[in-house]
Structure formats: structure tokens, C-alpha cells
Amino acid sequence: MKHIISVLVENRFGAFNRVATMFSGKGFNIQSISIGETEAPDISRMTIVTSGDDKIIEQVVKQLNRLIDTIKVVDFTGSTNVVRELALITVYYQKGSRAEIIDVCNIFRGNIVDVNNKTMTLEITGPPDKIDAAVNVLLPFGIKEMARSGTVALKRGEQTKEVKKESTYSQL
Numbered sequence: 005m006k007h008i009i010s011v012l013v014e015n016r017f018g019a020f021n022r023v024a025t026m027f028s029g030k031g032f033n034i035q036s037i038s039i040g041e042t043e044a045p046d047i048s049r050m051t052i053v054t055s056g057d058d059k060i061i062e063q064v065v066k067q068l069n070r071l072i073d074t075i076k077v078v079d080f081t082g083s084t085n086v087v088r089e090l091a092l093i094t095v096y097y098q099k100g101s102r103a104e105i106i107d108v109c110n111i112f113r114g115n116i117v118d119v120n121n122k123t124m125t126l127e128i129t130g131p132p133d134k135i136d137a138a139v140n141v142l143l144p145f146g147i148k149e150m151a152r153s154g155t156v157a158l159k160r161g162e163q164t165k166e167v168k169k170e171s172t173y174s175q176l
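Under my numbering, read the sequence shown as residues 5 to 176, first letter to last.
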């Protein structure tokens, strides 16, 4: 089963590396990882997508809480949350297919962010399933290259399973 785990860490050198090393050292697979500053510049939020049964994920959460830079760990699985991803997709086009690609972009509420005489680059944001669907529709045109941001997520309301580590950031 796929799980989305949010980890607040102190924004210090080595914090990301410790999390990645913990996953690889324990044999856990990371399907997607995204990290960036939060509203507090000294704290970063890591959004990790991984898979496993509840027992394995419980072990992952415990291991994450043991890391020195960890402030708070939240497993979004089974809760109501907002999940988004960004994809930049460069697609080949010819005169006859240009309008069709623009229509596909509009259907997925994307933006065309670059055009030249052979390719156009689309920016599409939304849940990972939406990105997957857009990629599948664009495949027949010929995808030159693609970059996906990885999943980012925030909880909706107070319905998440939360495991909190005592720290100076307990107000978060």
C-alpha cells in the first residue's frame, strides 16, 4: 500500500542525508521525495512517498522519529489531505498536432511555458494520478523529456495520524 509521510526537520546540513540513509539502510524504498522550507525558515518539510504494509510503515515512522533533526512525523494515509505534483513535459509537435497538444494542455488545466519550432513544454500540476493521465495522453505525440517534482502534501483539518517528537518546536 502507498503511504505519504510528512516529516518536519530542522533545516540544517545533513538532515536530508540522514533521512535518505535511514531508508536505504533499512531497505525501505522511496518512490518520491520532496523537500523545501516551511513558513519557518529554520524548518524544512519532507514529503516522502513509500509503500509497505502498516507494520513496515509503523517501523519507518519510529525510525524517522529517532533521527536527531526530526521535529514531527505525520502519516497522511487514510486521512483527507491535499496532494499535488508538478510536471514539466516537453512534447514534439508538427503543424497538424500543435492544436491537439494545446487542447490536451487545456483539458488538464496546464500551461504552455515554452515553444520552439519542434517542441513545446507543458506545465501540469495536480494529484499524481492527473499527471499520469496527462503523460499517457501525450505519449503518442512523442515526449522528448519530462521532469516531475515529486509529491507534496498537507493535511486537511485535523484527521491525520500524528506521531510527535518532543522538541522546542512543539507548537507546530
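Heads up, the beta-carbon is just placed ideally off N, CA and C, and yes, glycines get one too.
Coil, strand or helix - residue i by DSSP
i: residue 44; result: coil
i: residue 92; result: strand
i: residue 68; result: helix
i: residue 101; result: helix
i: residue 73; result: coil
CB-CB length for residue i against residue j, believed under 8 Å
i: residue 92; j: residue 50; result: Rounded, the Cβ-Cβ distance is 22 Å, inconsistent with contact.
i: residue 73; j: residue 7; result: Not quite, the Cβ-Cβ distance comes to about 21 Å (not below 8 Å), so this is no contact.
i: residue 126; j: residue 111; result: That pair is no contact at about 11 Å.
i: residue 156; j: residue 70; result: About 24 Å separates the two Cβ atoms, so there is no contact after all.
i: residue 85; j: residue 54; result: About 16 Å; that fails the 8 Å criterion.
N- and C-terminal bounds of the beta strand (DSSP E) containing residue i
i: residue 10; result: 6-14
i: residue 118; result: 115-119
i: residue 159; result: 156-159
Enclosing alpha helix (DSSP H) for residue i [first to last residue]
i: residue 133; result: 132-142
i: residue 30; result: 19-30
Beta-carbon proximity of residue i to residue j, cut-off 8 Å
i: residue 154; j: residue 36; result: yes
i: residue 5; j: residue 57; result: yes
i: residue 75; j: residue 12; result: yes
i: residue 105; j: residue 52; result: no
i: residue 48; j: residue 40; result: yes
i: residue 26; j: residue 90; result: no
i: residue 108; j: residue 139; result: no
i: residue 17; j: residue 96; result: no
i: residue 45; j: residue 21; result: no
i: residue 148; j: residue 94; result: yes
Beta-bridge pairing of residue i - partner residues as DSSP gives them
i: residue 149; result: 94
i: residue 36; result: 53
i: residue 128; result: 91
i: residue 86; result: 158
8 Å Cβ cutoff, residue i in contact with chain B
i: residue 32; result: No chain B is present in this structure, which holds just one protein chain.
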